[in-house]
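Below you'll find the structure, written out as structure tokens, and then a few comments.
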């Protein structure tokens, strides 16, 4: 049987694995599913239609599956789905989606630090790290192995490309290209350079990192139109899986609105 503190409330219809721990003054509502090995600390709230995978840690005061902060939401059944081995720290808020049957999703092995907010209809992929007080607006996507610094604000429909790093206090209003470091200095973000440390960690070779570095200079430092610089990269820079992913990402962004490929 789960270990449920006498001062916690767990709805009888909630499904908890046998080794789940629920701390005092926590609330687990009807329709919630919690996988094996999860720890829910005191004063956490798990709202209805939330599914939590295995071995997740939910810290004090976190609220998972709250009603989306969206004027369009009309009470329809929507979901929050967490994968496995995530760390959700103090007072994090993760909201359900808007639109019948839709879900906000968190992948596996993510570390979401205190006071972060993930809005409705977001998709957070695997191994994402968010430092304190990051705000992710609705309909955003954060791809695999992204690191986001503290106090960052992310505009709705923005996509953060994989293995990128976002500097603290940045205002992100358009898509962040994969494999890059971006930062803001009193305005919208700028690409600074490739995320060399992150690329080494995933085994990208020195030659392939150099190819990305050349592409970075052409795409983001040359002041050429994006379509022109993309063609130069195709013609002059060694093709690698990372280069192809970067170009496809920018092609998609180019076809979106206001620098956001997911906003059509």
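In the working numbering, the protein residues as written are 94 to 357.
In this text, a Cβ means the ideal position worked out from N, Cα and C, and glycines have one as well.
Between which two residues does the alpha helix (DSSP H) holding residue i run?
{"i": "residue 346", "result": "334-347"}
{"i": "residue 125", "result": "Segment: none, residue 125 is in no alpha helix (DSSP H) and carries neither H nor E."}
{"i": "residue 300", "result": "299-313"}
{"i": "residue 319", "result": "319-329"}
Can you look up residue i in the DSSP assignment and give me helix, strand or coil?
{"i": "residue 157", "result": "strand"}
{"i": "residue 143", "result": "strand"}
{"i": "residue 266", "result": "coil"}
{"i": "residue 296", "result": "coil"}
{"i": "residue 291", "result": "helix"}
{"i": "residue 241", "result": "strand"}
{"i": "residue 191", "result": "coil"}
{"i": "residue 178", "result": "coil"}
{"i": "residue 350", "result": "strand"}
{"i": "residue 252", "result": "strand"}
{"i": "residue 246", "result": "strand"}
{"i": "residue 118", "result": "coil"}
{"i": "residue 150", "result": "strand"}
{"i": "residue 136", "result": "coil"}
Determine the direct distance from the alpha carbon of residue j to that of residue i, and round the result to whole angstroms.
{"i": "residue 147", "j": "residue 176", "result": "7 Å"}
{"i": "residue 213", "j": "residue 198", "result": "9 Å"}
{"i": "residue 314", "j": "residue 332", "result": "20 Å"}
{"i": "residue 325", "j": "residue 307", "result": "11 Å"}
{"i": "residue 150", "j": "residue 327", "result": "44 Å"}
{"i": "residue 274", "j": "residue 257", "result": "6 Å"}
{"i": "residue 139", "j": "residue 254", "result": "29 Å"}
{"i": "residue 108", "j": "residue 201", "result": "20 Å"}
{"i": "residue 272", "j": "residue 351", "result": "21 Å"}
{"i": "residue 237", "j": "residue 342", "result": "14 Å"}
{"i": "residue 208", "j": "residue 134", "result": "15 Å"}
{"i": "residue 136", "j": "residue 120", "result": "7 Å"}
{"i": "residue 123", "j": "residue 104", "result": "5 Å"}
{"i": "residue 152", "j": "residue 330", "result": "46 Å"}
{"i": "residue 309", "j": "residue 251", "result": "20 Å"}
{"i": "residue 231", "j": "residue 174", "result": "15 Å"}
{"i": "residue 155", "j": "residue 167", "result": "24 Å"}
{"i": "residue 206", "j": "residue 228", "result": "11 Å"}
{"i": "residue 405", "j": "residue 179", "result": "Outside the modelled stretch of the chain, which goes from 94 to 357, sits residue 405, for which no answer is possible."}
{"i": "residue 102", "j": "residue 131", "result": "16 Å"}
{"i": "residue 276", "j": "residue 288", "result": "12 Å"}
{"i": "residue 161", "j": "residue 225", "result": "21 Å"}
{"i": "residue 37", "j": "residue 193", "result": "Only positions 94 to 357 of the chain appear in this structure, which leaves residue 37 out of reach."}
{"i": "residue 247", "j": "residue 211", "result": "10 Å"}
{"i": "residue 311", "j": "residue 323", "result": "8 Å"}
{"i": "residue 172", "j": "residue 196", "result": "4 Å"}
{"i": "residue 301", "j": "residue 128", "result": "40 Å"}
{"i": "residue 244", "j": "residue 305", "result": "28 Å"}
Apply the 10 Å Cβ neighbour rule to residue i and answer buried if 16 or more other Cβ atoms are within range, or exposed otherwise.
{"i": "residue 354", "result": "buried"}
{"i": "residue 100", "result": "exposed"}
{"i": "residue 270", "result": "buried"}
{"i": "residue 298", "result": "exposed"}
{"i": "residue 263", "result": "buried"}
{"i": "residue 268", "result": "buried"}
{"i": "residue 223", "result": "buried"}
{"i": "residue 296", "result": "exposed"}
{"i": "residue 334", "result": "exposed"}
{"i": "residue 96", "result": "exposed"}
{"i": "residue 189", "result": "buried"}
{"i": "residue 346", "result": "buried"}
Go to residue i, then tell me how far its beta strand (DSSP E) extends in each direction, as first and last residue.
{"i": "residue 283", "result": "283-287"}
{"i": "residue 273", "result": "273-276"}
{"i": "residue 196", "result": "196-199"}
{"i": "residue 187", "result": "186-188"}
{"i": "residue 175", "result": "172-175"}
Counting only C-beta atoms, is residue i closer than 8 Å to chain D at any point?
{"i": "residue 120", "result": "The structure shown has no chain D; it contains just one protein chain."}
Taking contact to mean at least 3 C-beta pairs separated by less than 8 Å, is the stretch 269-282 in contact with the stretch 318-330?
Here the stretch 269-282 makes no contact with the stretch 318-330; the two share fewer than three CB pairs at distances below 8 Å.
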